[in-house]
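Notes follow the structure.
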Amino acid sequence: MLDLYLTPAAIGYLTQLILALAITGYLVYRLIADRRHGTLAAYAWYLTGIFVTVAVLVLLLCGDAALPPSTRLYAVYLENTVIGALTLCLFQFAYAFPQRYARRQWDARLALAVSLAYTLWEAGFALYRGRLLLLTGTVIYRPSQPDMVLAALFACLPLALLRQTVAAASDQPTWGALWRPANRAAQATRTFALILLLPLLLSLLNIARARFYISPAF
């Protein structure tokens with residue numbers, strides 16, 4: 066039987082997992098209902114995918130905190146692959162909300178290619194590390210360079226949504242659309258851009274922690 070350690074961190078992740086699963090369940094319900102009634106928006110798939118990957122990521126973080134030291138490494142190895150899948154969904158959501166714009170098609174394809182390449186690299190490296198751990202007990206640390214790529218991806222996400230904000234408020238000057246959007250679609254897009262500054266901040270803090278610029282306790 067697998068031992069679990071319900072530390073304060075593990076319990077915290079467990080509550081987040083319950084919340085993420087509740088939101089995911091609601092979005093899946095809305096997805097099915099909207100598809101049945103023919104009112105399904107293009108971005109709905111990506112929004113649901115975002116919360117599916119968030120739920121999986123929180124589950125892995127919970128395993129990282131609750132599993133024994135040797136077993137928890139398998140959860141740790143998979144975390145960045147799921148984060149890569151999350152960035153993929155976030156980029157596609159960014160270019161589909163509030164609607165797709167023809168002049169942003171190439172941007173969306175480039176973002177898809179880069180985020181997909183990052184996710185596949187993380188998945189391949191995770192499988193390599195997991196295989197070594199399983200067969201030989203060897204632990205390989207993840208290099209710091211992929212964290213820089215991830216930070217760059219998170220930095221591009223708010224910029225993509227700000228460009229969508231300008232496109233949604235096409236009747237306004239650029240700075241006016243960004244400062245005070247006149248319609249609800251542009252307002253919502255700008256709000257998403259501001260929210261996505263948080264993952265960028267977290268990725269920068271992670272880089273600073275890995276380079277010992279700040280303490281792990283902070």
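Residue numbers (our numbering): 66 to 283.
All residues carry an ideal CB built from backbone N, CA and C; glycine is no exception.
CB contact flag (residue i, residue j, <8 angstroms)
i    : j    : result
A234 : A242 : yes
V214 : Y193 : no
Q81  : V117 : no
L185 : F156 : no
Y160 : A173 : yes
F158 : Q229 : no
L79  : C127 : yes
L143 : A191 : yes
R165 : A107 : yes
Chain B contact for residue i (CB, 8 angstroms cutoff)
i   : result
R95 : Here there is only one protein chain, and chain B is not present.
As assigned by DSSP and simplified to three states, the class of residue i
i    : result
L79  : helix
P223 : helix
I260 : helix
I205 : coil
R276 : coil
A232 : helix
Q164 : coil
N271 : helix
P211 : helix
A87  : helix
A247 : coil
Whole-Å CB distance - residue i paired with residue j, under 8 angstroms assumed
i    : j    : result
L198 : L138 : 6 angstroms
Y120 : T89  : According to the sequence as given, residue 120 is Ala; it is not Tyr. That pair is a contact at about 5 angstroms.
P133 : D68  : 6 angstroms
A216 : I272 : 6 angstroms
P223 : A258 : 4 angstroms
If we count Cβ pairs, one from each stretch, closer than 8 angstroms, do we get three or more for the segment 87–99 versus the segment 149–156? no
Could you check whether the segment 247–265 touches the segment 204–212, counting it as contact only if at least three pairs of C-beta atoms, one from each stretch, sit closer than 8 angstroms? The segment 247–265 makes no contact with the segment 204–212: fewer than 3 CB pairs, one atom from each, lie closer than 8 angstroms.
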